[in-house]
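Here the structure is laid out as structure tokens; the discussion comes afterwards.
Number of protein chains: 2
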Amino acid sequence: MAAAVARDGKHAGGRPTREEAARREERLLDVATAMFLDNGYDGTSMDAIAAASGTGKPSLYARYGDKRALFLAVLRHSVDLWARPLSELGQCPQHALRLADLEPLLERVGRHILECSITPESVALKRVLTSQAGQFPELAATLQDAGWGAIVRHVAALLRLAVDFERSDVADAELAADLFLSLVLGRLSHEALLGIEIDRSAIGGRITAAVKIFLGLGFVAR
Amino acid sequence: MAAAVARDGKHAGGRPTREEAARREERLLDVATAMFLDNGYDGTSMDAIAAASGTGKPSLYARYGDKRALFLAVLRHSVDLWARPLSELGQCPQHALRLADLEPLLERVGRHILECSITPESVALKRVLTSQAGQFPELAATLQDAGWGAIVRHVAALLRLAVDFERSDVADAELAADLFLSLVLGRLSHEALLGIEIDRSAIGGRITAAVKIFLGLGFVAR
DNA sequence: CCTACCGATCGGTAGG
DNA sequence: CCTACCGATCGGTAGG
Numbered sequence: 001m002a003a004a005v006a007r008d009g010k011h012a013g014g015r016p017t018r019e020e021a022a023r024r025e026e027r028l029l030d031v032a033t034a035m036f037l038d039n040g041y042d043g044t045s046m047d048a049i050a051a052a053s054g055t056g057k058p059s060l061y062a063r064y065g066d067k068r069a070l071f072l073a074v075l076r077h078s079v080d081l082w083a084r085p086l087s088e089l090g091q092c093p094q095h096a097l098r099l100a101d102l103e104p105l106l107e108r109v110g111r112h113i114l115e116c117s118i119t120p121e122s123v124a125l126k127r128v129l130t131s132q133a134g135q136f137p138e139l140a141a142t143l144q145d146a147g148w149g150a151i152v153r154h155v156a157a158l159l160r161l162a163v164d165f166e167r168s169d170v171a172d173a174e175l176a177a178d179l180f181l182s183l184v185l186g187r188l189s190h191e192a193l194l195g196i197e198i199d200r201s202a203i204g205g206r207i208t209a210a211v212k213i214f215l216g217l218g219f220v221a222r
Numbered sequence: 001m002a003a004a005v006a007r008d009g010k011h012a013g014g015r016p017t018r019e020e021a022a023r024r025e026e027r028l029l030d031v032a033t034a035m036f037l038d039n040g041y042d043g044t045s046m047d048a049i050a051a052a053s054g055t056g057k058p059s060l061y062a063r064y065g066d067k068r069a070l071f072l073a074v075l076r077h078s079v080d081l082w083a084r085p086l087s088e089l090g091q092c093p094q095h096a097l098r099l100a101d102l103e104p105l106l107e108r109v110g111r112h113i114l115e116c117s118i119t120p121e122s123v124a125l126k127r128v129l130t131s132q133a134g135q136f137p138e139l140a141a142t143l144q145d146a147g148w149g150a151i152v153r154h155v156a157a158l159l160r161l162a163v164d165f166e167r168s169d170v171a172d173a174e175l176a177a178d179l180f181l182s183l184v185l186g187r188l189s190h191e192a193l194l195g196i197e198i199d200r201s202a203i204g205g206r207i208t209a210a211v212k213i214f215l216g217l218g219f220v221a222r
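So the protein lines, in turn, are chains F and L.
Taken in order, the first sequence gives residues 1 to 222; the numbers are from full-length UniProt numbering.
Taken in order, the second sequence gives residues 1 to 222; the numbers are from full-length UniProt numbering.
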């Protein structure tokens, strides 16, 4: 048998290729992410991560130092992944908006944000973040700003296109955006966090009502 | 030395008095509650609970069976304690309300609920509930109903006194109450859950804006 | 990079 | 009711 002959481009031993190393790194992070999000910090052992990622514990510790550091890397990576689709919100019309155009736009934006917020991945991320917030206090504020904060800023920019906040009673676009998001997410995000199955048929009506109330178009009949 | 002479009404040994037993039971539950809420389920060992409550582990296991059962008892007790002050909401006017009276009433109710929701005890309870929701799925729905659900029903009853929902665009008092609560809690409850210090000076303005938007009185200047 | 181990800690129980 | 222990599992490391 010839020693260390590559098959499918893989080395049979020795130092891995640079791209092979990068691939393993990514795979390790993916595996660790899935396990942490599914079973929490305490429920995921370094032994299990090593076994599932096809490496040994010493490699884990050589790369990340300790369990906390690996967990932090997983959280940062996950928040990045989660925040990315929100950039679609930035591709909204840049010109001024009439109120009549704002209503359907807010419905679309609201539905989009709600759908993004109740995916199993998003819920698992927020849950594990919540449960470990006490142990990683420096990160909670950062991630809250990258999550909720980023959405608020996007929506506030939208609102400024349609509303003259200097003449509004609220006078603060970010507060208004915050209230809009609160209306849209509300109970559904709480329930998702508790693992309660969400009644998807209620989403449409909730969004519609939320937008109407927000724009002062209901709920009291006129 | 005379054996087993009571001092301060306590027995020096043997079977405890009935009231003494009840007192120990309550003390044990209080101690376990504080530890579970401060350090989470995995972060609290039965050894630590036994030591802090001044008893031995065998007594713990004789009374509760295992750690899960003790944890469940703690959660139920805590949710009961938390839901009690909400009954004050039931002592609202029973007669019909004019819209003009509804605004200050909603401000008071909203502030009260928000204040109750961001106390350290309430936050800790929700956090530990969230982090263990996956392990205790049967309980999550029950406790959600006893918490958020109870508040929604209270507020819905209030709204029905002032609004004719059959002629409203929303047409559902519970959805309206749900949206009102969402507005009031919103970002602040999320931040509290993540352990982020809350800017208390922002509470007043948020409540006012929430009520105005909810009642269709803002935010667009008229 | 793997195996095998370290000390510590856990939930739960036997024995008296 | 207390002490002392059980097997299991953990995070992390030595040794080669």
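Ideal Cβ placement from N, Cα and C applies to all residues, glycine included.
Best match in the options for proximity to residue i [C-alpha to C-alpha]
{"i": "ARG24(F)", "options": "ILE196(F), THR55(F), GLY110(F)", "result": "THR55(F)"}
{"i": "GLY147(F)", "options": "LEU70(F), TRP82(F), HIS77(F)", "result": "TRP82(F)"}
{"i": "VAL128(L)", "options": "GLU26(L), GLY40(L), LEU28(L), ALA22(L)", "result": "GLY40(L)"}
{"i": "GLY134(F)", "options": "ASP172(L), GLY195(L), ALA162(L), SER201(L)", "result": "GLY195(L)"}
{"i": "LEU139(L)", "options": "GLU197(L), ARG68(L), ASP164(L), ARG108(L)", "result": "ARG68(L)"}
{"i": "SER59(L)", "options": "LEU28(L), ARG76(L), LEU75(L), SER117(L)", "result": "LEU28(L)"}
{"i": "ASP80(L)", "options": "ASP145(L), LYS212(L), LEU114(L), PRO104(L)", "result": "ASP145(L)"}
{"i": "LEU175(L)", "options": "LEU161(F), THR208(F), VAL163(F), SER117(F)", "result": "THR208(F)"}
{"i": "ARG111(L)", "options": "LEU193(L), GLY186(L), GLU191(L)", "result": "GLY186(L)"}
{"i": "LEU188(L)", "options": "ALA141(F), LEU158(F), LEU99(F)", "result": "ALA141(F)"}
{"i": "GLN132(L)", "options": "ASP172(L), LEU72(L), GLY65(L), GLU121(L)", "result": "LEU72(L)"}
{"i": "ARG63(L)", "options": "GLY43(L), ASP42(L), ALA48(L), GLU26(L)", "result": "GLU26(L)"}
{"i": "LEU106(L)", "options": "GLU121(L), VAL155(L), LEU143(L)", "result": "VAL155(L)"}
{"i": "ARG76(L)", "options": "LEU125(L), ALA192(L), LEU158(L), ALA157(L)", "result": "LEU125(L)"}
{"i": "SER78(F)", "options": "ILE203(F), ALA157(F), PRO120(F)", "result": "PRO120(F)"}
{"i": "ILE203(L)", "options": "ILE113(L), LEU102(L), LEU37(L)", "result": "ILE113(L)"}
{"i": "ASP38(F)", "options": "HIS190(F), LEU102(F), VAL123(F)", "result": "VAL123(F)"}
{"i": "LEU159(L)", "options": "VAL74(L), ILE49(L), CYS116(L), VAL109(L)", "result": "VAL109(L)"}
{"i": "ASP199(F)", "options": "GLU115(F), ASP164(F), ASP66(F), GLY65(F)", "result": "GLU115(F)"}
{"i": "ARG153(L)", "options": "ALA177(L), ASP42(L), PHE165(L), PRO137(L)", "result": "ALA177(L)"}
{"i": "LEU70(F)", "options": "ALA157(F), GLY43(F), PHE36(F)", "result": "PHE36(F)"}
{"i": "ILE118(L)", "options": "HIS190(L), VAL74(L), ILE49(L)", "result": "HIS190(L)"}
Any non-hydrogen atom of the ligand COA within 7 Å of residue i CB
{"i": "SER45(F)", "result": "By its list of ligands, the structure shown contains no ligand whatsoever, and the ligand COA lies outside what it can speak to."}
Assigned exposure category for residue i - 16 Cβ within 10 Å defines buried
{"i": "ARG7(F)", "result": "Below a pLDDT of 50, predicted positions are generally treated as unreliable, and ARG7(F), at 40, falls in that range; no measurement from the model is reported."}
{"i": "GLU20(L)", "result": "exposed"}
{"i": "GLY205(L)", "result": "exposed"}
{"i": "LEU215(L)", "result": "buried"}
{"i": "SER201(F)", "result": "exposed"}
{"i": "SER45(L)", "result": "exposed"}
{"i": "THR130(L)", "result": "buried"}
{"i": "ALA210(F)", "result": "buried"}
{"i": "GLU197(L)", "result": "exposed"}
{"i": "ALA3(F)", "result": "Unreliable placement is indicated for ALA3(F), whose pLDDT of 40 sits below 50; the coordinate value is still reported in the next sentence. ALA3(F) is exposed by the Cβ-count criterion."}
{"i": "LYS212(F)", "result": "buried"}
{"i": "LEU99(F)", "result": "exposed"}
{"i": "ALA173(F)", "result": "buried"}
{"i": "ALA162(F)", "result": "buried"}
{"i": "ALA192(F)", "result": "buried"}
{"i": "ALA22(L)", "result": "exposed"}
{"i": "GLY9(L)", "result": "Only weak support is given to the placement of GLY9(L): the predicted model assigns it a pLDDT of 41, under 50, and the value that follows is read from those uncertain coordinates. Counting Cβ neighbours within 10 Å, GLY9(L) comes out exposed, since fewer than 16 surround it."}
Is the number of C-beta pairs between the region 23-37 of chain L and the region 53-73 of chain L that are closer than 8 Å three or more? yes
Using a Cβ distance threshold of 8 Å, determine whether the region 75-88 of chain L contacts the region 174-187 of chain L, with at least three qualifying pairs required. no
Which residues, in order along the region 107-126 of chain F, keep a beta-carbon less than 8 Å from a beta-carbon of chain L? none
Check whether the region 95-108 of chain F touches the region 134-149 of chain F, taking contact to mean three or more Cβ pairs, one atom from each stretch, closer than 8 Å. no
Tell me which residues of the UniProt domain "HTH tetR-type" (22-82) of chain L have at least one Cβ-Cβ distance to chain F shorter than 9 Å, keeping chain order. ASP38, ASN39, GLY40, TYR41, ASP42, GLY43
Alpha helix (DSSP H) runs contained entirely in the region 80-114 of chain L, provided each spans 4 or more residues: none
Minimum length 4: unbroken alpha helix (DSSP H) runs contained in the region 118-150 of chain L: 120-131, 137-144
Within 7 Å of chain F by C-beta, residues of the region 134-150 of chain L in sequence order: GLY134, PRO137, ALA140, ALA141, GLN144, TRP148
Can you pull out the residues from the region 186-215 of chain F whose beta carbon lies closer than 8 Å to at least one beta carbon of chain L? GLY186, ARG187, HIS190, GLU191, LEU193, LEU194, GLY195, ILE196, GLY205, ARG206, ALA209, ALA210, LYS212, ILE213, PHE214, LEU215
Taking only runs that begin and end inside the region 190-222 of chain L, name each unbroken alpha helix (DSSP H) of 4 or more residues, in chain order. 201-214
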